[in-house]
Amino acid sequence: MMNEIKHHLTDALLMAYSAGSLPEGFNLVVATHISMCDECRARMHEFDTVGGAVMDAEAPEGLSDGSFAATLALIAAEPKDAIVAKPAKGDLPAPLQDYVGGNLADVKWRKVGGGVRQAILKTDKSASVRLLHIPAGAQMPDHGHRGTELTLVLQGAFKDETDRFGAGDIEVASEDDHHQPVAEMGQDCICLAATDAPLRFNSWIPRIAQPFLRI
Amino acid sequence: MLTETLTPTKTTTPTAHTALLASKALKQNKTQGDCTHEVNVTPANKPDRMAWVTHLAAIRDNQDQSAFAEVFGYFAPRVKAFLMKSGASPDLAEDVTQEVMATLWRKAHMFDPAKASVSTWIFTIARNRRIDVLRKQRRPEPEDLTWGPEAEPDQEDVLALQQESAQLGEAIAALPDKQRELIVRAYYGELTHSEIADATGLPLGTIKSRIRLALDRLRHQLK
Ligand SMILES: [Zn+2]
Chain A
497 MMNEIKHHLT
507 DALLMAYSAG
517 SLPEGFNLVV
527 ATHISMCDEC
537 RARMHEFDTV
547 GGAVMDAEAP
557 EGLSDGSFAA
567 TLALIAAEPK
577 DAIVAKPAKG
587 DLPAPLQDYV
597 GGNLADVKWR
607 KVGGGVRQAI
617 LKTDKSASVR
627 LLHIPAGAQM
637 PDHGHRGTEL
647 TLVLQGAFKD
657 ETDRFGAGDI
667 EVASEDDHHQ
677 PVAEMGQDCI
687 CLAATDAPLR
697 FNSWIPRIAQ
707 PFLRI
Chain B
4 MLTETLTPTK
14 TTTPTAHTAL
24 LASKALKQNK
34 TQGDCTHEVN
44 VTPANKPDRM
54 AWVTHLAAIR
64 DNQDQSAFAE
74 VFGYFAPRVK
84 AFLMKSGASP
94 DLAEDVTQEV
104 MATLWRKAHM
114 FDPAKASVST
124 WIFTIARNRR
134 IDVLRKQRRP
144 EPEDLTWGPE
154 AEPDQEDVLA
164 LQQESAQLGE
174 AIAALPDKQR
184 ELIVRAYYGE
194 LTHSEIADAT
204 GLPLGTIKSR
214 IRLALDRLRH
224 QLK
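Chain order of the listed sequences is A and B.
So the mapping is simple: the working numbering equals the position in the first sequence, first residue as 1, plus 496.
So the mapping is simple: the working numbering equals the position in the second sequence, first residue as 1, plus 3.
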């Protein structure tokens, strides 16, 4: 699977992830893609190196008296990092497992119409992030974009007019993109999707439902 | 939440033990000029990146106080400057810098010189604290990919990565002002991802290829 990923993160997203300026929900999608993609993992390390170089080039800022002693006191006050037992490896990449609080089977799905189910993951409000479960062959939620929307395929695949997105692939869509992706036949498609703007649902979900969907 | 964890260090005088450690660490550097502040532990010459890697190993393996003093002397003032440029007040930047350097001590065993230079690694610690403290956000991190207990990264890989990191730093310094400023502002957190037009002009690729090789080796080993 690792070698089949064709759609990767953009440089801008990776740089913003490295700089720490992305909304939490985007960070989750980026971290999950990187967990599945060594290519972007290597690129992330490269962007971190840029950050290290920026910090390294700073003109030193004087520290207050006692700063070093205070740091040693901090070290003495807290024991060395305990080796924390990692949670057992599940069927979701680690960062996502963390937000779901378990495996795919633990996801608390809610029906949203058209056979589609979703589960909203709790993050801060600067972006919203959800898991989507789309039946094989069904149309992906049609919501028209504002801002940026990231869609990462975890299982199955979806297709639009020009591209196919399989497991590990990420689609980065901006407001100019209008498309009608469809889940591929054969297997239900599970995606992790984040947007930094409230979704504008078209017909398939009544607008009035939005407050209950926490969007 | 930061102030909670940090208040004790401000009000509590260091214990006799830590004071001793501090003076011991400082003594090692006494020769480097008048020590009116302990921050004068700054080495006269900037050690190269491999030297910092050796320092980190000494901290990890021997809890080496003088190695830590040197790392602190060089990096802490830069971390503080970076945090202030990223929007922290001088007091907050000072507090967070101390936390970052304490984290470096505690997590020295996590440092992987095949993936990062010491300045890169310290940057990631500082960035994560900044997200936590200034933005009050959680920071999802990718799944860990670490070397098994019996495997150490290849020393040639380490050396090459450290050199390439230094070269990338030089290349950034040599960029036209306008371009460099944009990159710097991005890392201060001043630009959104859509304002960061694809990072054109950055001389990227070398480190990525290096790390790809290391990751492939690691994947092979994990099989
Ligand atoms: Zn990728």
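For each residue, glycine too, the CB sits at the ideal point set by N, CA and C.
Check each candidate in the options and name the one with the smallest Cα separation from residue i.
i, options, result
"A/G652", "A/V668, A/R626, A/L688 and A/R642", "A/L688"
"B/W55", "B/N65, B/F71 and B/E144", "B/F71"
"B/E146", "A/T567, A/T506 and A/T528", "A/T528"
"B/R63", "B/A189, B/A174, B/F114 and B/Q165", "B/F114"
"B/A91", "B/V103, B/V136, B/P116 and B/M104", "B/V136"
"A/I571", "B/S212, B/R52, B/A129 and B/Q66", "B/Q66"
"B/K83", "A/E557, A/E500 and A/V608", "A/E557"
"B/V74", "B/G192, B/P116, B/I125 and B/H223", "B/I125"
"B/L59", "B/E167, B/H196 and B/H112", "B/H112"
"B/K211", "B/T127, B/K118 and B/R132", "B/K118"
"B/R142", "A/G562, A/Q635 and A/V526", "A/V526"
"A/E554", "B/L225, B/G172, B/A200 and B/L194", "B/G172"
"A/P591", "A/L559, A/D507, A/L650 and A/F661", "A/L650"
"A/A693", "A/I686, A/R642, A/R660 and A/C685", "A/R642"
"B/R109", "A/V550, A/D684 and A/A573", "A/A573"
Determine, using beta carbons only, whether residue i and residue j come nearer to each other than 7 angstroms.
i, j, result
"A/M532", "A/L510", "no"
"A/S670", "A/T644", "yes"
"A/G548", "B/S122", "yes"
"A/V678", "A/L646", "no"
"A/G633", "A/M681", "yes"
"A/H503", "A/I630", "no"
"B/I214", "A/A663", "no"
"B/D180", "B/A217", "no"
"B/Q165", "B/S120", "yes"
"B/A163", "B/R52", "no"
"A/A623", "B/Q101", "no"
"A/L518", "B/H196", "yes"
Could you give the residue range of the beta strand (DSSP E) that holds residue i?
i, result
"A/T647", "E645 to Q651"
"A/R613", "V612 to L617"
"A/A689", "C685 to T691"
"B/L270", "Missing from the structure shown is residue 270 of chain B; chain B here goes from 4 to 226 and no further."
"A/L588", "It is not in any beta strand (DSSP E) - A/L588 carries neither H nor E in the DSSP assignment."
Between which residues of its own chain and residue i is the CB-CB distance below 7 angstroms, once the five residues before and five after are set aside?
i, result
"B/P93", "M87"
"B/G204", "L178 and Q182"
"B/G208", "none"
"A/E657", "H675"
"A/R626", "Q614, A615, I616, L617 and A689"
"B/V199", "Correcting the residue type first, residue 199 of chain B is Ile in the shown sequence and not Val. Correct list, in chain order: A189."
"A/K655", "P677, V678 and E680"
"A/P589", "T528, S531 and M532"
"B/A61", "D67 and A70"
I'd like the list of long-range same chain contacts for residue i, defined as Cβ closer than 8 angstroms, with 5 residues on each side in sequence excluded.
i, result
"A/N523", "Y513"
"B/I186", "I175, L178, A202 and L205"
"A/F564", "none"
"A/K607", "R613"
"A/S560", "none"
"A/E500", "G662, A663 and G664"
"A/D495", "With chain A covering only 497 through 711, there is no way to say anything about residue 495 of chain A."
"A/D684", "H629, I630, P631, A632, Q651 and G652"
"A/G516", "none"
By DSSP's criteria, residue i is part of a beta bridge. Which residues make up the other side?
i, result
"A/E667", "A/T647"
"A/K655", "A/R660 and A/V678"
"A/L627", "A/A615 and A/L688"
"A/Q635", "A/V678"
What does a CB cutoff of less than 6 angstroms around residue i pick up in its chain, not counting 5 residues either side in sequence?
i, result
"A/G586", "Q593 and N599"
"A/E520", "T619 and D620"
"B/G192", "S89"
"A/V546", "none"
"B/N131", "R142"
"B/V103", "V82, I128, A129 and R132"
"B/I134", "Q140 and R142"
Mind checking which residues open and close the alpha helix (DSSP H) that includes residue i?
i, result
"B/K83", "Q68 to K88"
"A/K607", "From DSSP, A/K607 is part of no alpha helix (DSSP H) but of the beta strand (DSSP E) over R606 to G609."
"A/M540", "D534 to D552"
"B/F126", "V121 to V136"
"B/E97", "P93 to R109"
"B/Q140", "Taken as a continuous stretch (DSSP letters only), B/Q140 belongs to no alpha helix (DSSP H), as it is neither H nor E."
"B/Y190", "D180 to Y190"
"B/L254", "Here chain B covers residues 4 to 226 and nothing more, so residue 254 of chain B does not appear."
"A/L568", "S563 to A573"
"B/M53", "R52 to N65"
"A/D507", "D507 to A515"
Just the chain E side, please: which residues come within less than 7 angstroms of residue i by C-beta, in chain order?
i, result
"A/D620", "Of the protein chains in this structure, namely A and B, none is chain E."
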